[in-house]
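Participant: Would you mind keeping the following structure in view while I ask a few things?
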Amino acid sequence: MIHTDIAIIGAGPVGLFAVFEAGLLKMRCHLIDYLPQVGGQLSEIYPKKPIYDIPGFPSVLAQDLVDNLMEQAAPFKPTFTLGERIEEVEKRGDADFRIVTNLGTEIFCKAVVIAGGLGVFEPRKPAVADLEKFENGKGVNYMILDPEAYRGKRMVLAGGGDSALDWTIFLADVASELTLVHRSESFRGAPDSVNKVMKLAEEGKINLILNTNLTSVEGADHLERVTMENSKTKEVSVIATDYLIPLFGLSPKLGPIEKWGLNIDKNAIEVNTDDYSTNVEGIWAIGDINTYTNKLKLILCGFHEAALMSHSVYKYINPGVKYTMKYTTVNGVNEF
Numbered sequence: 062m063i064h065t066d067i068a069i070i071g072a073g074p075v076g077l078f079a080v081f082e083a084g085l086l087k088m089r090c091h092l093i094d095y096l097p098q099v100g101g102q103l104s105e106i107y108p109k110k111p112i113y114d115i116p117g118f119p120s121v122l123a124q125d126l127v128d129n130l131m132e133q134a135a136p137f138k139p140t141f142t143l144g145e146r147i148e149e150v151e152k153r154g155d156a157d158f159r160i161v162t163n164l165g166t167e168i169f170c171k172a173v174v175i176a177g178g179l180g181v182f183e184p185r186k187p188a189v190a191d192l193e194k195f196e197n198g199k200g201v202n203y204m205i206l207d208p209e210a211y212r213g214k215r216m217v218l219a220g221g222g223d224s225a226l227d228w229t230i231f232l233a234d235v236a237s238e239l240t241l242v243h244r245s246e247s248f249r250g251a252p253d254s255v256n257k258v259m260k261l262a263e264e265g266k267i268n269l270i271l272n273t274n275l276t277s278v279e280g281a282d283h284l285e286r287v288t289m290e291n292s293k294t295k296e297v298s299v300i301a302t303d304y305l306i307p308l309f310g311l312s313p314k315l316g317p318i319e320k321w322g323l324n325i326d327k328n329a330i331e332v333n334t335d336d337y338s339t340n341v342e343g344i345w346a347i348g349d350i351n352t353y354t355n356k357l358k359l360i361l362c363g364f365h366e367a368a369l370m371s372h373s374v375y376k377y378i379n380p381g382v383k384y385t386m387k388y389t390t391v392n393g394v395n396e397f
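Next comes the structure, spelled out in structure tokens:
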């Protein structure tokens, strides 16, 4: 049985930063995550992927960001329940909540903060013949955990979003031969990333194939070839490769959260942008799991939401108590 001020569901970057912000207000946090380690998608899917839009860091590896957030939260001594899924959230009168996991762990808290990223997620797979045959270590992967595993290998990446563009830029000097296949002429990613990919193609450092769809994969015990078709000319081409990485994003599923009485819109939780509270008193939602007008699914936006949420939770837990704003630049973290 665990007692805490705030139960944070989700130990990704936004949940970890929420520990820091809550700690500045002297609130204790316990984090619960279905994954066996902290970091969320950053640790599970792309720990060695560079991230370019964190203020103050021109580039930071995903796992390094997680490690830094853990170090930042450490002075406030957060506790964790990892590898367990929340099954039940019960409000007990006006004072607190009882949370139960799939393994029977009970957490009692005064406020609940949902920071579950995209929820439970699965990679979106292209409709390609025999794709499953080469999964599980045989050449078809849906995420890149260790770029060094691909050094000197022939690779085909497929996709047109930020993930496909960022990995193309990063892997251009890792793979012996790198091809990016996209079904359209235009990309959905950041313009600067698009420009970098175009420049790599012009310099002959990557092969860029547009208006083309993957149709089949072939090989004996391991992937050997990828077949594709141009959607305009119908021309069929075959590329010899060691790895195919389809990067078409993730298909999110909220799981048990859908049963908690929250207002849900397209697999995201509706919140009040004044403080990121939900329609259920005592429950807040921050990060990619929430939705509101002009929502941007960026880590830095989640950090902003965590700060406002923490002050709102403080007022909820301590009604009538006046709080005087303190700044870490003046007091340092140890003074909180």
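Position one of the sequence shown corresponds to residue 62 (my numbering), numbered consecutively onward. Cβ atoms here follow ideal geometry from the backbone N, Cα and C, with glycine treated the same way.
Please name the residue or residues paired with S268 in a DSSP beta bridge.
Facilitator: Within the sequence shown, residue 268 is the residue found at index 207, counting from 1. In the sequence under discussion, the amino acid at residue 268 is Asn, which differs from the Ser named in the question. Answer is T240.
Participant: So the candidates are L130, S120, F137, Y95; which of them puts its Cα closest to the Cα of T65?
Facilitator: Indexing the sequence shown from 1 puts residue 65 at position 4. The candidate whose alpha carbon is nearest that of T65 is F137.
Participant: Tell me whether H365 sits in a helix, a strand or coil according to DSSP, three-state version.
Facilitator: Position 304 of the sequence shown, counted from the first residue, corresponds to residue 365. It is helical.
Participant: Report buried or exposed for G401, applying the criterion of at least 16 other Cβ atoms within 10 angstroms of its Cβ.
Facilitator: Residue 401 cannot be examined here, being either before or after the span of the chain that is shown, 62 to 397.
Participant: Please list, in chain order, all residues of the same chain as S254 whose beta carbon is under 7 Å from its beta carbon, the five residues on each side excluded.
Facilitator: By one-based count along the sequence shown, residue 254 stands at place 193. Excluding positions up to five away in sequence, the list reads D223, L226, D227, I230.
Participant: Tell me whether the beta-carbon of A190 lies closer than 9 Å to the beta-carbon of V287.
Facilitator: As a first step, residue 190 is located in the sequence shown; it is residue number 129 there, counting from the start. As a first step, residue 287 is located in the sequence shown; it is residue number 226 there, counting from the start. No, Cβ-Cβ distance for A190 and V287 is not below 9 Å.
Participant: Identify, in the order they occur along the chain, each residue of the same chain with its Cβ nearer than 7 Å to the Cβ of R159, setting aside the five sequence neighbours on each side.
Facilitator: Numbered from 1 along the sequence shown, position 98 holds the residue referred to as residue 159. Closer than 7 Å at the Cβ level, and outside the excluded window around R159, lie E151, R153, E167, F169.
Participant: Excluding five sequence neighbours on each side, which residues of the same chain lie with their C-beta closer than 6 Å to the C-beta of F364?
Facilitator: Here residue 364 refers to the residue found at position 303 of the sequence shown. These residues qualify, in order along the chain: F78.
Participant: Exposed or buried, A135, counting other C-beta atoms within 10 Å across all chains shown (16 or more means buried)?
Facilitator: Counting from 1 along the sequence shown, the entry for residue 135 is found at position 74. Its Cβ having fewer than 16 others within 10 Å, A135 is exposed.
Participant: Where G73 and Y113 are concerned, what is the direct C-alpha to C-alpha distance, given to the nearest angstrom?
Facilitator: Against the sequence shown, residue 73 aligns to sequence position 12. Against the sequence shown, residue 113 aligns to sequence position 52. Each residue's Cα considered, the two are about 17 Å apart.
Participant: Look at the Cβ atom of E319, then the Cβ atom of N351, and state whether they are nearer than 9 Å.
Facilitator: As a first step, residue 319 must be located in the sequence shown, where it is residue number 258. As a first step, residue 351 must be located in the sequence shown, where it is residue number 290. Contact flag unset, no.
Participant: For T229, which of helix, strand or coil comes out of DSSP?
Facilitator: As a working mapping, residue 229 is identified with position 168 in the sequence shown. The answer is helix: DSSP assigns T229 an H, G or I state.
Participant: Is the beta carbon of N291 sitting closer than 9 Å to the one on T302?
Facilitator: Position 230 of the sequence shown, counted from the first residue, corresponds to residue 291. Position 241 of the sequence shown, counted from the first residue, corresponds to residue 302. Taking 9 Å as the Cβ cut-off, N291 and T302 do not qualify as a contacting pair.
Participant: Tell me which residues share the same chain as H283 and place their Cβ nearer than 8 Å to its Cβ, disregarding the 5 neighbours each side in the sequence.
Facilitator: As a first step, residue 283 must be located in the sequence shown, where it is residue number 222. Same-chain partners within the cutoff: F195, K199, G200, D303.
Participant: Tell me the DSSP secondary structure of S371 in three-state form.
Facilitator: Locating residue 371 in the sequence shown gives position 310, counting from the first residue. S371 falls in the helix class under three-state DSSP.
Participant: Using only the alpha-carbon positions, how far apart do R215 and A233 sit?
Facilitator: Counted from its first residue, the sequence shown places residue 215 at position 154. Counted from its first residue, the sequence shown places residue 233 at position 172. Each residue's Cα considered, the two are about 11 Å apart.
Participant: List the DSSP bridge partners of Y304.
Facilitator: Here the question's residue 304 lines up with position 243 in the sequence shown. M216, per the DSSP bridge assignment.
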